[in-house]
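Protein chains in written order, with the numbering used here: chain H, 860 to 1382; chain G, 225 to 538.
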Amino acid sequence: MTEEKTLPRREVLRGLSAAGVLAALGGSLATGIGYGAVDSARAIPRRGGRIRVASVSSSTADTLDPAKGALSTDYARLNMIYSGLTQFDSNLSAQPALAQEIQDSGRILWTIKLRRGVQFHDGKPLTPADVVYSLLRHKNPATASKMKAIADQFQEVKATGPNEVQIRLTGANADLPAILADAHFLIVQDGTTDFRTAVGTGPYKCKEFNPGVRTVGTRNPNYWKPGKPYLDEIELVGISDESARVNALLSGDVQIINAVDPRSIRRVMASANHAVLETKSGLYTDLIMRQDMTPTGHPDFVLAMKYLLNRELTRKALFRGYATVANDQPIPPSNRYYLADLPQRPYDPERAKFLLKKAGLSGVRLVVYASPAAEGSVDMGSLLQLSAAEIGLNMAVNRVPADGYWSNHWMKHPLGFGNINPRPTADLLFSTSFKSDAPWNESGWKNAQFDQLLLAARGEADETKRKQMYGDMQVLIHEKAGLGIPVFISLLDGYDKRVRGYSSIPIGGLMGYSFADNVWVEA
Amino acid sequence: MAILIVRRVGIALLTLLLVSAVIFSITAVLPGDAAQAALGQSATPEMIAALRAQMGLDDPAYLRYLRWLGGLLTGNPGQSLANNRPVAELIALRLPRSLLLAGAAAAVSVPVALTTGILSAMYPGSRLDRLLSTATLAMIAVPEFLVATVAVLIFAVKLHWLSALSYVPDTPGIAPFLRAYTMPVMSLSFVVIAQMARMTRAAVIEQVSQPYVEMAILKGARPARIILRHALPNAAGPIVNAMALSLSYLLGGAIIVETIFNYPGIASLMVDAVTNRDIPLLQACAMIFCCAYLILVLLADVFAIVSSPKLRRR
Chain H
860 MTEEKTLPRR EVLRGLSAAG VLAALGGSLA TGIGYGAVDS ARAIPRRGGR
910 IRVASVSSST ADTLDPAKGA LSTDYARLNM IYSGLTQFDS NLSAQPALAQ
960 EIQDSGRILW TIKLRRGVQF HDGKPLTPAD VVYSLLRHKN PATASKMKAI
1010 ADQFQEVKAT GPNEVQIRLT GANADLPAIL ADAHFLIVQD GTTDFRTAVG
1060 TGPYKCKEFN PGVRTVGTRN PNYWKPGKPY LDEIELVGIS DESARVNALL
1110 SGDVQIINAV DPRSIRRVMA SANHAVLETK SGLYTDLIMR QDMTPTGHPD
1160 FVLAMKYLLN RELTRKALFR GYATVANDQP IPPSNRYYLA DLPQRPYDPE
1210 RAKFLLKKAG LSGVRLVVYA SPAAEGSVDM GSLLQLSAAE IGLNMAVNRV
1260 PADGYWSNHW MKHPLGFGNI NPRPTADLLF STSFKSDAPW NESGWKNAQF
1310 DQLLLAARGE ADETKRKQMY GDMQVLIHEK AGLGIPVFIS LLDGYDKRVR
1360 GYSSIPIGGL MGYSFADNVW VEA
Chain G
225 MAILIVRRVG IALLTLLLVS AVIFSITAVL PGDAAQAALG QSATPEMIAA
275 LRAQMGLDDP AYLRYLRWLG GLLTGNPGQS LANNRPVAEL IALRLPRSLL
325 LAGAAAAVSV PVALTTGILS AMYPGSRLDR LLSTATLAMI AVPEFLVATV
375 AVLIFAVKLH WLSALSYVPD TPGIAPFLRA YTMPVMSLSF VVIAQMARMT
425 RAAVIEQVSQ PYVEMAILKG ARPARIILRH ALPNAAGPIV NAMALSLSYL
475 LGGAIIVETI FNYPGIASLM VDAVTNRDIP LLQACAMIFC CAYLILVLLA
525 DVFAIVSSPK LRRR
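And the structure:
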């Protein structure tokens, strides 16, 4: 359904009116439970008020430097203070923001006309120099940017006029507007190196930033979106303990929280004043079978494990229905390149047993690594263990602590779990996690045909052909990659019903981290 | 007496120096480092190497220790690796809050514990004594996270009387302070009161069985006078020491309460430091806890020396 709504690919993305239309249509992705997003979209926004928002985590590593943002709390804070050249709408299409107009020639040379009259919080006007600085600093290793690998595609970024910036890429990439909407590429002032406080062009000015404690933003009266933002002040805090977070919402101490555990949903729904927003996203926790180790590198073993994943039970029992059954490929149904025709792989222990026997691996003893760091993986491991026992396969789940999981365990064992956050585009996801030389190629999967298709799709002008290519890539992953993806996990936010204008942008919770731009409170 | 006290202080300073060496070497063997923790899931070996060099993690250990010790002595415990701010600045934001919480908890728990302990000791074996003993035992047995969680469910979520978060209130005044602090102080005091009360009772009862108390009884002194005038000064040493131990817990041991109430104190700062492998911050926090502990124990010793009729005369 999202496909028909997507604007036909044009050489020019123009104007905010288009964004408005899309935002209005985009309600389909959000399933408001109880009191929903559709309802609040109709009401007339009210100015004033103050809310407190609690996100999952907050520590002394909190940052105001877009390049260093690492967690949802960071992204929410950054989006509160800065604006980007583009921004996501509810379909994850990139809409112009600080860029008024984006033109490309051959998807290599991109010309960006900046919106006129945009001011930083200190009153200085936005200039091309700010944009050039903000984009190029990611390439400098000393910046320690999370996006260095992506930014290395920027061969050259330069000002070509008083209000114009040109980006030359190292290779064609049709997804540049979506890349620029990423929170890491938000625009800072030229020459900024000190991020103890922040000067941006976003909806709220940084009034207080105290890492590990809170961030307070006050309304930016000169915001470039007319009439916005609505609230006088937003306080963003981190509460890492899930039940403490839910308690804070229910006691009225905070008005919005993210990452609600499916087990807590009933408590939130039981309150007359609160609601839960489910955002169906591309977030998944996957079973990794390293292709360069034994026995997990054996194709029959990989297939057997994929048949051994009880997806329906995972969805129902582990996530209480707040998940979507997946098909061993990472593109979620909401993506415009999702291949709907791919037959769903069923739970079939008999088939798995046969495949293991065929591979001569019937008596093998396996250890699967799981950790609370990869959401739901410990339970998924136990479920897999039970299914394996049914066909006589001896499997042990090794639960390791979340601290240090990504550096010490992830991708380092023959069998383990990983967790991949939603990515805005198929290209970004494939390039970072599936290309043969990708840094997070979790299973060490190498497929020349896949790599070729990926590069070709980046520069493909014909949308039908491009969709076909992405479809072929999904088939390759589904059949051959060493990954079992049982379900896509929904993002669950809880909010006070007096908060209006709150809906889904499926890149992440808290309205794709950009709630600050959109919410208001009822009188 | 003065010599005793000077010697105590000297020993405390030496202990602190040893502790600094121990803290430094322990933190050095923590697996992983700040460069790895900062880059997290997105780390590549080249990026880690670059960041490590930038953070000065490649120097030999003794050089880093001396540099750090020198910094500590001049009041500069270094830069936080996680966010590039001076460690002193981060601590300055959190320490007063922890002291405030610990102070409030101490102000509540010390009088209550003393009263409870002395009352039990005055009438050992009585119904009151047994009631108080059972109550304090129960308080020790119930973990504080349970007390805190149940309190939040009742007073914040159901009744809306108190705040589930105990962030320092924006508006000054008694009412907001009580709203924010009642539950954390209550949860913290629970265990501390119980421990101190039991120690007080034991120490006083031990004195009561001494011959000099028997003498006082024979003289015809009233029970209150016997306890307060005769037994208590002699029991002060062990009581104050027990209090020092309990109170030092209020600073560093408050992590569970800080987590449940999202209170920005120094214990959660230290936990952050561990997860971020922010070694300078971690070391500074550890030093603060050791300092606080030593100061409390030192004060207790000095107090015991001053208050004890036996030691005072030496």
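A virtual CB, placed ideally from N, CA and C, is assigned to each residue, including glycine.
My understanding is that residue i touches residue j, with C-beta atoms under 8 Å, so please give their C-beta distance in whole angstroms.
i, j, result
"G/M363", "G/A418", "4 Å"
"G/Y405", "G/N486", "Contact flag wrong, Cβ pair sits at about 13 Å."
"G/F513", "G/L475", "6 Å"
"H/T1060", "H/L985", "6 Å"
"H/F1289", "H/A1185", "The pair is not a contact, with the Cβ atoms about 16 Å apart (cut-off 8 Å)."
"G/A274", "H/P1000", "5 Å"
"H/L1142", "H/N1280", "6 Å"
"G/L522", "G/V233", "7 Å"
"H/D1262", "G/T499", "6 Å"
"H/M1239", "H/T1173", "6 Å"
"H/Y1206", "H/N1257", "With a Cβ gap of about 24 Å, H/Y1206 and H/N1257 do not count as contacting."
So, for residue i: in the same chain, excluding its five sequence neighbours on each side, which residues have a beta-carbon less than 6 Å away from its beta-carbon?
i, result
"G/N465", "A524"
"H/I967", "L1028, A1031"
"H/T1291", "A1297, W1299"
"H/G907", "D1091"
"H/T1155", "M1148, R1149, P1273, L1274"
How about residue i: is its C-beta nearer than 8 Å to some C-beta of chain A?
i, result
"G/T483", "Structure shown: chain A not included; protein chains present are H and G."
Suppose the cutoff is 7 Å on Cβ atoms and the five residues either side in sequence are ignored; what does the same chain contact list for residue i look like?
i, result
"G/A285", "A252"
"G/V336", "I417"
"G/I441", "I450"
"H/D981", "V1058"
"H/T922", "G928, D933, F1054"
"G/V495", "I479"
"H/F947", "A953, A1040, P1283, I1364, I1366, G1371"
"G/F379", "W385, L386, M407"
How big is the Cα-Cα spacing for residue i and residue j?
i, j, result
"H/A882", "H/T1138", "Reliability fails at H/A882, whose pLDDT of 37 lies under 50, so the model's placement of it is uncertain and no value is given."
"H/I1124", "H/V1135", "7 Å"
"H/S964", "H/E1094", "43 Å"
"H/V977", "H/T1284", "28 Å"
"H/V1227", "H/M1148", "10 Å"
"H/G1360", "H/A956", "19 Å"
"H/H1272", "H/K1017", "44 Å"
"H/S1230", "H/L1274", "13 Å"
"H/E960", "H/E1171", "45 Å"
"H/F1068", "H/L1167", "48 Å"
"H/Y1181", "H/T1144", "14 Å"
"H/I1190", "H/P1202", "14 Å"
"G/A345", "G/L361", "16 Å"
"H/L1108", "G/A372", "17 Å"
"H/S1102", "G/A316", "29 Å"
"H/F1160", "H/T1153", "10 Å"
"G/P348", "H/G1071", "49 Å"
"G/S492", "H/E1209", "50 Å"
Return yes when the Cβ of residue j is within less than 8 Å of the Cβ of residue i, no when it is not.
i, j, result
"H/N1300", "H/L1335", "no"
"H/A1163", "H/A1118", "no"
"G/A516", "G/L505", "no"
"G/L325", "G/P408", "yes"
"H/A1040", "H/A953", "yes"
"H/E1383", "H/I971", "The structure shown does not extend to residue 1383 of chain H, since chain H is modelled only from 860 to 1382, so the question has no answer here."
"H/V1113", "H/R911", "yes"
"G/P320", "G/A312", "no"
"H/Y1063", "H/A1375", "yes"
"H/G1341", "H/Q1150", "yes"
"G/T424", "G/L323", "no"
"G/A399", "G/V432", "no"
For residue i, which residues in the same chain have their Cβ closer than 8 Å to its Cβ, ignoring the five residues on either side in sequence?
i, result
"H/L1198", "Q1188, I1190, Y1329, G1330, Q1333, V1334"
Exercise for the section: Go through the segment 1011-1091 of chain H residue by residue and report every complete run of the beta strand (DSSP E) that reaches 3 residues or more, in order. Expected result: 1013-1020, 1023-1028, 1063-1069, 1073-1078
Exercise for the section: Tell me the start and end of each unbroken alpha helix (DSSP H) in the segment 317-377 of chain G that is at least 4 residues and wholly inside, in chain order. Expected result: 351-365, 368-375
Handout entry: Segments assigned alpha helix (DSSP H), at least 4 residues, entirely inside the segment 1297-1354 of chain H
Key = 1307-1318, 1322-1339
Handout entry: Length-filtered (4 minimum) alpha helix (DSSP H) runs lying within the segment 280-317 of chain G
Key = 285-297
Problem - Length at least 4, wholly inside the segment 448-517 of chain G: the alpha helix (DSSP H) runs in chain order - result: 456-476, 479-484, 490-499
Practice task
Go through the segment 1243-1286 of chain H residue by residue and report every complete run of the alpha helix (DSSP H) that reaches 4 residues or more, in order.
Solution key: 1264-1267
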